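Note sheet for the following structure.
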Amino acid sequence: MIATVNADQIIFAMSADNPPALTVEDGAVVRFETCDCFTNQITSSGQVPDGVDWNRINPATGPVFVRGAESGDTLAVYIRKIELARQAVLATLPGLGVAGARLQCGRVDIVPVYDNHALLFDHVRIPLNPMIGVIGTAPLGEAISCGIPDVHGGNMDSKIIAEKTCLYLPVNVPGALLALGDLHAAMGDGEVGVSGLEIRGTVEVRVRVIKGRPYPLPLVLTENMLYTLASHADLNLAAEQATLMMHDYLLAHSSLDANQAIALQSIAGQLEIGQVVDPNKTCRFGLPHDTLRQLNAMPLLPD
Numbered sequence: 001m002i003a004t005v006n007a008d009q010i011i012f013a014m015s016a017d018n019p020p021a022l023t024v025e026d027g028a029v030v031r032f033e034t035c036d037c038f039t040n041q042i043t044s045s046g047q048v049p050d051g052v053d054w055n056r057i058n059p060a061t062g063p064v065f066v067r068g069a070e071s072g073d074t075l076a077v078y079i080r081k082i083e084l085a086r087q088a089v090l091a092t093l094p095g096l097g098v099a100g101a102r103l104q105c106g107r108v109d110i111v112p113v114y115d116n117h118a119l120l121f122d123h124v125r126i127p128l129n130p131m132i133g134v135i136g137t138a139p140l141g142e143a144i145s146c147g148i149p150d151v152h153g154g155n156m157d158s159k160i161i162a163e164k165t166c167l168y169l170p171v172n173v174p175g176a177l178l179a180l181g182d183l184h185a186a187m188g189d190g191e192v193g194v195s196g197l198e199i200r201g202t203v204e205v206r207v208r209v210i211k212g213r214p215y216p217l218p219l220v221l222t223e224n225m226l227y228t229l230a231s232h233a234d235l236n237l238a239a240e241q242a243t244l245m246m247h248d249y250l251l252a253h254s255s256l257d258a259n260q261a262i263a264l265q266s267i268a269g270q271l272e273i274g275q276v277v278d279p280n281k282t283c284r285f286g287l288p289h290d291t292l293r294q295l296n297a298m299p300l301l302p303d
């Protein structure tokens, strides 16, 4: 039987003070039922409805306490399955996103989702890319809003955090206190309009504790690439940090020296933008599996 955390068990900030919604063993499979990023408050297209509680944005389901996870460890979260509802919410709002100053009013659209596509504006078909926008562990120190990405994870809004992906997160407090939410049926790099296709759904993950902290974190292993992720208020610094995190990874897990490592990154790596609309912007740096295998530098993939 798979342990389940229901969609009414949500938090709006990641914190060591959050009581666990569920306690599981190391290696357990957990199902998270999630609200959309508006906590399911928007149900019809048109103008942004009155009465939306903007303090209830970006809820995360959880947290889950993982037995055996201790401060200083790494939590590997393998995303086995993402199941989506049949409709999503798409929002554009004045003052938000890259073009926010050009928008005279807010608008929301209810977008049908079917046949692995979303139908925008009644006639534009967009292929789905189910992903998790918010996922993280409790940070050290003060609580951090689920809308803010940082070294603990959080609202990284990176489209690579999808099915058949392993996300490595820091354990800062006993049990890790993993929470996730803010699913997107699809989202482009940058999330420049401040909204993806925001959708309710269910996520099934397996959690594994890796003792110690052998990798720069957060780290994402997709089917073809390994990525380091960094978030900062300055997009340039986020890009620099993600690049240097991969440089650190190569120095620690291969025989390359500093010159060789950055040279390899320069010719084989991919520096990409996750999102540019949160208080901290998120960038990632990726290297292909094939390159890492030649260096005997692939990370541990939990069973």
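So for the sequence shown, the UniProt record's numbering puts the first residue at 1; every next one is plus one. We put the CB at the ideal spot given by N, CA and C, even for glycine. Please read these numbers as outputs of a predicted model, since none were measured by experiment.
Sub-8 Å separation of residue i and residue j beta-carbons
| i | j | result |
| --- | --- | --- |
| A242 | I144 | no |
| L167 | P218 | yes |
| V113 | A88 | yes |
| L90 | I132 | no |
| A3 | A21 | no |
| L251 | L264 | no |
| L177 | F38 | no |
| T228 | R293 | no |
| E139 | D150 | Here residue 139 is Pro; the residue named in the question, Glu, does not match the sequence. Yes, Cβ-Cβ distance for P139 and D150 is below 8 Å. |
| S15 | I110 | no |
| G46 | V5 | no |
| residue 328 | L301 | The requested residue 328 is not part of the displayed model; the chain covers only 1 to 303. |
| L52 | L169 | It is worth fixing the name first, because residue 52 is Val in this sequence and not Leu. Not closer than 8 Å, so no. |
Same chain, Cβ closer than 8 Å to residue i, five either side skipped, listed in chain order
| i | result |
| --- | --- |
| M225 | I160, Q270, G286, L287, P288 and H289 |
| N116 | P127 and L128 |
| R67 | T23, V24, E25, D26 and G175 |
| A162 | I79, I82, N129, P130, M131, I132 and T222 |
| V192 | G97, V98, A99, V276 and V277 |
| L268 | The question names Leu, but residue 268 in the sequence shown is Ala. Here the set comprises L287, P288 and T291. |
| A297 | Y249, L250, H253 and S254 |
| L120 | L90, D109, V111 and I126 |
Residues of its chain near residue i, where Cβ-Cβ distance is below 7 Å and the 5 sequence neighbours each way are ignored
| i | result |
| --- | --- |
| G201 | T34, I82, E83, L84, A85 and L183 |
| I148 | G154, N155, D278, P279 and N280 |
| T222 | I160 and T165 |
| G190 | I273, Q275 and V276 |
Contacts around residue i, its chain only, beta-carbon distance under 6 Å, and the 5 residues preceding and following it disregarded
| i | result |
| --- | --- |
| Q73 | Here residue 73 is Asp; the residue named in the question, Gln, does not match the sequence. V171, V209 and K211, listed in sequence order. |
| residue 307 | Coverage of the chain is limited to positions 1 through 303, which leaves residue 307 absent and any answer about it impossible. |
| E204 | R31, R80 and K81 |
| L93 | G106 |
| L96 | V194 |
| A60 | I11, V134, C146, A179, L180 and G181 |
Cβ-based burial, residue i [other Cβ within 10 Å; buried from 16]
| i | result |
| --- | --- |
| I11 | buried |
| residue 361 | Summary: the structure shown does not reach residue 361, with the chain confined to residues 1 through 303, and so no result is reported for it. |
| V98 | exposed |
| Q9 | buried |
| P49 | exposed |
| M198 | The question names Met, but residue 198 in the sequence shown is Glu. Counting Cβ neighbours within 10 Å, E198 comes out buried, since at least 16 surround it. |
| S231 | buried |
| D122 | exposed |
| D36 | buried |
Residues bridged to residue i [DSSP beta-bridge criterion]
| i | result |
| --- | --- |
| V124 | L120 |
| E272 | R284 |
| S158 | DSSP, once it has assigned bridges, lists no residue as partnering S158. |
Residue i at chain D interface by Cβ criterion, 8 Å
| i | result |
| --- | --- |
| V52 | Judged by its chain identifiers, the structure shown contains no chain D, having just a single protein chain. |
Completely contained beta strand (DSSP E) runs for the region 183 to 248, where each covers 3 or more residues | 201 to 210, 219 to 221 and 225 to 232
What runs of the beta strand (DSSP E), each 3 residues or longer, lie entirely inside the region 77 to 106?
-> 87 to 92
Minimum length 3: unbroken beta strand (DSSP E) runs contained in the region 26 to 72 = Here the runs fully enclosed are 29 to 34 and 60 to 66.
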